[in-house]
Structure formats: C-alpha cells, structure tokens
Amino acid sequence: MTVRVRFAPSPTGYLHIGSARTALFNYLYARHVGGKFLLRIEDTDIARSSEESTRSILDGLAWLELDHDEDIVFQSDNAEKHRVTAKKLLAEGKAYRDFTPRVAPSDANVKDAIKERARATQGEKNMRDNPYRELSSEESDARAAAGDPFAIRLKVAETGKTSFEDAVYGLQERRLAETEDLVLLRSDGHPLYNLAVVCDDIEMAITHVIRGQDHLTNTHKQVLIYEALGVTPPTFAHLPLIMAPNKGKLSKRKHGEVVSMTTYRDAGFLAAAFRNFLALLGWSAGEEREIYSLEELIEKFSLEGIHRSNAVFNFTENDPCRWTDDKAQWMNAEYIRMMPVAELLPFVKTELKATKLWREEYEPEGRALTETISSTADAGADERSAGVAIDTPEHGSYDWFVQTINLIRQRFFTLRDFSSHGRAYFSEDYDFDPAAIEKNLSKFPDLKMWLPELADRFDAEFAEESVSSLHVIKGFLPFTEENIETVIKSFAEEKGTKLGVIMNGARTLLTGVAVGPSMLAVFETLGKERSVLRLRSQIAWNS
RNA sequence: GACCGGUUCGUCUAGGGGUUAGGACACCGCCCUUUCACGGCGGCAACACGGGUUCAAAUCCCGUACCGGUUACCA
0 MTVRVRFAPS PTGYLHIGSA RTALFNYLYA RHVGGKFLLR IEDTDIARSS
50 EESTRSILDG LAWLELDHDE DIVFQSDNAE KHRVTAKKLL AEGKAYRDFT
100 PRVAPSDANV KDAIKERARA TQGEKNMRDN PYRELSSEES DARAAAGDPF
150 AIRLKVAETG KTSFEDAVYG LQERRLAETE DLVLLRSDGH PLYNLAVVCD
200 DIEMAITHVI RGQDHLTNTH KQVLIYEALG VTPPTFAHLP LIMAPNKGKL
250 SKRKHGEVVS MTTYRDAGFL AAAFRNFLAL LGWSAGEERE IYSLEELIEK
300 FSLEGIHRSN AVFNFTENDP CRWTDDKAQW MNAEYIRMMP VAELLPFVKT
350 ELKATKLWRE EYEPEGRALT ETISSTADAG ADERSAGVAI DTPEHGSYDW
400 FVQTINLIRQ RFFTLRDFSS HGRAYFSEDY DFDPAAIEKN LSKFPDLKMW
450 LPELADRFDA EFAEESVSSL HVIKGFLPFT EENIETVIKS FAEEKGTKLG
500 VIMNGARTLL TGVAVGPSML AVFETLGKER SVLRLRSQIA WNS
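First residue of the first sequence? That's 0 in numbering that gives the first Met the number 0, and the numbers climb one at a time after it.
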C-alpha cells in the first residue's frame, strides 16, 4: 500500500511557522517513502475561514516549494457526506440524538471559559450522564419528526479504553471515562471537526496522519469514530510543538509577523534555508551537521528522528538584529554565501528588479543566469580569490554581474542586502552610513584633498576601461587589484599616512558603508571610471 | 482540577548503562586584515530535583517540581 499523507490547515490566517513545519514533515515523509503528499483545506468553520487565508497558506507552501499531489480537497465540499455518515451511525445505534438546547459559546475567551468550567467539575464529571443517551429510538424519532432540534453525539462505551501506537510518542492509552460523547453533527446540521477529519481521511485513503501533538486527545476521539465506522485507523505521528521564547504558546495574535511564512519570504530569506532551519526544529538525523539540501532531507527523514519535546523558536521583540531566531538568520546567510552562485543569481535578480536596480545587460539574450559561469564563481569561493585571477570583465556585463554578486555575498545575510548594503555596486544613487563617515572620513580631514588627488593618480596611471589588458597602451596599466595596490601604496607613502586611512576613506566614499570585501576588489569591481568619479565626489562630506 | 506528554549548555540538538557529556547558533578572546557582518583558532556554558536498581545511571524504575497540550454543538 502506498503511503498517503496530508497537510490539513484551517484557513483562519496566514501559514505560520508551526503549520509550515507540519507541512514540511508530511512532505518529507511522503517523498522519502515515495508516497503522496495531499492538501486539504479544513474550512468547515465558515465564520472563521476565509479565501484570503487559503490563498495566503497556498502562497506560503508555494514559497517553501512543498508541492502537493492530486487536487486540493476543500472539506466544506464534503459536508453532505459527513452528514450521511453521522446519520448512518445514528441509525446503527452507535450515535444518539441530543435534544439539549444549544448554548451559544461566549464570544471572548472561549478557551478560558472552557478551562474554568472543566476545573469547576473537578474532574468528577460523569461523561455518560447525558439524559438523551438512553432515549428510546421511538421517542427520539418522534421528537425529531416533531421538529425538535438535536445534535448527534457518538455513543461512547462506558468502560474500556482507546489506544493507538503513536510513531513518535509510543503507545497512547486513554480510559473511555475521560472521553465525552462527542458531538458529530451540530443541531444546525453542521458536521464537526473530528467527524469531518475522519471521514475525509478515510475518503482520501490517508495512511499516516502527521500533525501537532495538540491533537493528541483529538486522536483518541477519532479512533472511536474509526471504530464505530469499522475502519482501521491510520498510523499517527504527533509532532512536538514550537514554542515562543518564554516557552509559552507561539500565536499569530500575540507574536504577529514573526511567525508568518510571508514575513520570511519578504525579508529576503531563501526558501531552501528556511526549510533547512524548520526541518531541524523537532527533528534530527542524529548527525553533527546542520546544512541539508532538500534532497538530503528527503533521503534522511524518518519518523524515528522526530523529538518528543517542544522546541523554542527564539527571537527578541524590539531588537532589529534579533527579530527572528539567530540560527535561522545564520542559516540564511550560510546559504547565501555557500550555495552555487548560479542558483543564487535568479533570486538576486528578483530582488534587484523589485528595487529598480536591475539592468538587462546583466542577463543578455541567450544567456540564462543559471548558466555555469567562470571558475572564480564556484560555490563558496573565498573572497580572497573571488576578484582576482581572471581579466576584469566589462563593467555592467554578465560576467561582471556574476563576479560582483560572488564578491559581495560573503557578508550578506538576506537577499535584501543586495539592494541595500550592496546598492552602490548597482547604482550611483546610494546612501552614506553616518557612522561610516564619522569613522572613516570626518576623522581624517586630509582625505577631502587626498581622495580626489588619488582619482587624478588613477587617471594618470591606469588605462581606460575600454582598453583590454591585451592592448594596454604603453605606460597605462590595467585596473587590476595588483596594480591598484601598488599605486595606492606609494600614494599613501607620499602622504605619510597609513594605508588603512586611504582604504577606509575610499571604501566609505565608494560604497557608502564601512564594511565590505577587500577594498582592492571593490575598486576593481567598480572599475576605474566609477572609482575615479566617486573619489572626486564630495557628496559624502556634505551629507 | 482531571487526563496526556515533556525536561542535556541561553537556544537548536548528539548521546539511550562505563564519554574529558559531542556539534551548531549566540556570546567572549586571539589570529588574518585596509574595514568588517568573511575566514581560522580557542574559550564560556548543560544532563530539573529526590529516591531506588546496578560494580557502574545523563541513560532503567518510582516520586516531586516545573513546563506544555487537551478538556466546545472551534479547528
């Protein structure tokens, strides 16, 4: 029998981190065993469900690239089947009509109210004391025929227990005395969650139910429904929960954006990195290793590797550097600097397009960004060698673009950094970090004279960019790291200043920020003309 | 309250009778260096507590504490 799992979110908001991980684990399990990963939208709570939420959830799954098999099932479409099932159980005497008038749930803190009520009964409540439980079928039929509204409840045996072997938590048992006669069908004919889930899981031929452990008690109820229906229950695997930093519940309402998948997509996270992070929250392959490609996760995933204890998703509210989990941020940075640059390029393109920094020359006709490129742009190329070794490509060209991305990605954390911190590489219109100006320019007033002077020196020493290194006019050096270094060193010597003063001043003026790759590489990457132009610029001094 | 589950560095975790209790993130220090958020090296830091079982317990058993989940005519 082929394995069939499902991810079954209720569309009451965006896809949050916990659901995303549930979806991921279902996906990984299905792919690992060569089964099917199905999607079911549990929209039976009409009041709280929305199409917008459904769309948002689908967006989140699409971003994470968790493709589902077969058509999406909308639970509300199956309501009639659920009703038929409830009535069948009623007819078989496995369920009964409850004519108790419905009490409207208090609107505000439903959870608290329920907890309060449960506490009040001190656990001494007899779950079998419903006055309609033993009503004769004649009387029940008569009242129903007379139009009395009723809910349909499952008739749970007085003694015995439910049990199932959980793939994560092991044998689970619960005395029937702890389980109420659960409602299957509301008095308005609306099927309830546990019935709907069981019916749909049967109909979809689900073999493994992988979901959060907050469903552990529901599972006992569902097992009862399976038994009443005479169907063997699927295998259950309950997942530990993801908690807030205070080990409390991680909620959309309380924690907001930080738990939403779209936040990470919009913040410039790579889906591959976030998936990797998510996979390691509550699961491990038992190795001393952190980075796994999707293929590797699929290959290594197993239900045995799932933990039993909850995991904290760490972040600090009001701290821009710690707005989300440190490890998630690290992992994203790791992916950005280590993944094959050809795979990164399309994401950078999207980012630059969104910020109007993209130029078509970066991707000329007939040349896809994902094409394998020159030797310097291998995966994880060290910045110390990234900018050297080959001829400087023409500024603005495809090769230049690839080389530049490879150079600057070493210190970036998100895709957004390419358009913010890396803006000076793609535009003449970039901002200057006040702290950088303070540290590298203001402290050395001489630089206001020296840097334009250095520009003159560049003009005198270096060939125009259009002149390739093969056709260097005698006396004009190509604008390469090696040559630039020689010129700047002697320049600094002449001025009797430390090399660093010149370098850092130039860095600030040329890139607007105090951090970045080797300054020699920056010069070369920017090219002689831009370097000269920017060295002469006084904008930074005035801003 | 009752039922169920959990507890290894701050966080994610490895380890399931004998380990100097390992790794990652974060933090700190040193090195590299023109800067740095890259890189290299190093450091700080944990078996919740109490009883058993055993020659030996982080590991097995019991209890306690704490944390979490559930307790709806919500999903």
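Cβ coordinates follow ideal geometry from the N, Cα and C atoms, glycine included.
Only a predicted model underlies this, so the values are computations on that prediction, with no experimental measurement involved.
One or two residues paired with residue i in a DSSP bridge
i, result
"Pro100", "DSSP output for Pro100 lists no bridge partner at all."
"Asp165", "Gly169 and Phe235"
"Glu282", "Reading off the sequence shown, one finds Trp at residue 282, where the question assumed Glu. BP columns for Trp282 point to Ile305."
"Lys160", "Arg174"
"Ala94", "Leu153"
"Gly211", "Leu238"
"Phe461", "Leu476"
"His394", "For His394, which the question treats as bridged, DSSP gives no partner whatsoever."
Assumed close pair residue i, residue j - CB separation to whole angstroms, cut-off 8 angstroms
i, j, result
"Tyr291", "Ala278", "7 angstroms"
"Met242", "Arg5", "The pair is not a contact, with the Cβ atoms about 25 angstroms apart (cut-off 8 angstroms)."
"Val500", "Arg456", "At roughly 16 angstroms, the Cβ-Cβ gap does not stay under 8 angstroms, so Val500 and Arg456 are not in contact."
"Leu406", "Thr524", "6 angstroms"
"Ala150", "Arg185", "6 angstroms"
"Arg408", "Leu343", "7 angstroms"
"Leu223", "Thr161", "6 angstroms"
"Ile96", "Ser139", "At residue 96 the sequence reads Arg, which differs from the Ile that was named. Yes, they are in contact, since the Cβ atoms of Arg96 and Ser139 sit about 5 angstroms apart, within 8 angstroms."
"Phe24", "Ile209", "6 angstroms"
"Leu175", "Gly159", "5 angstroms"
Residue i (DSSP reduced to helix, strand or coil)
i, result
"Val155", "coil"
"Lys442", "coil"
"Phe312", "coil"
"Ser139", "helix"
"Tyr334", "helix"
"Leu534", "helix"
"Lys35", "strand"
"His420", "coil"
"Ser48", "coil"
"Val4", "strand"
"Glu342", "helix"
"Lys246", "coil"
"Gly495", "coil"
"Gly255", "helix"
"Ile297", "helix"
"Leu476", "strand"
"Pro148", "coil"
"Val182", "strand"
"His219", "helix"
"His15", "strand"
"Phe412", "coil"
"Ile483", "helix"
"Ile436", "helix"
Buried or exposed (CB count within 10 angstroms, at least 16 for buried), residue i
i, result
"Ile538", "exposed"
"Asn439", "buried"
"Ile389", "Caution applies to Ile389, whose pLDDT of 46 falls short of 50 and renders its modelled position unreliable; the value that the coordinates give is listed next. With fewer than 16 Cβ atoms within 10 Å of its Cβ, Ile389 is classed as exposed."
"His207", "buried"
"Phe477", "The sequence given here places Pro at residue 477; Phe does not occur at that position. Buried, since its Cβ has 16 or more Cβ neighbours within 10 Å."
"His420", "buried"
"Gly511", "buried"
"Phe431", "buried"
"Glu553", "Missing from the structure shown is residue 553; the chain here goes from 0 to 542 and no further."
"Arg30", "buried"
"Asp66", "exposed"
"Leu170", "exposed"
"Met502", "buried"
"Asn77", "buried"
"Asp381", "Residue confidence for Asp381 is low, a pLDDT of 40 falling below 50, so the modelled location carries little weight and cannot support an answer."
"Val401", "buried"
"Met448", "exposed"
"Ala90", "exposed"
"Met260", "buried"
Alpha-carbon spacing of residue i relative to residue j, whole angstroms
i, j, result
"Asp265", "Leu60", "14 angstroms"
"Val155", "Phe163", "17 angstroms"
"Ala268", "Glu289", "It should be noted that the sequence gives Phe, not Ala, for residue 268. Roughly 17 angstroms between the two C-alpha positions."
"Gln212", "Ile56", "21 angstroms"
"Ile16", "Leu63", "11 angstroms"
"Gly146", "Phe300", "54 angstroms"
"Asn108", "Tyr192", "20 angstroms"
"Cys320", "Met338", "23 angstroms"
"Asp111", "Ala117", "10 angstroms"
"Pro232", "Pro130", "30 angstroms"
"Arg358", "Lys35", "42 angstroms"
"Arg410", "Leu181", "57 angstroms"
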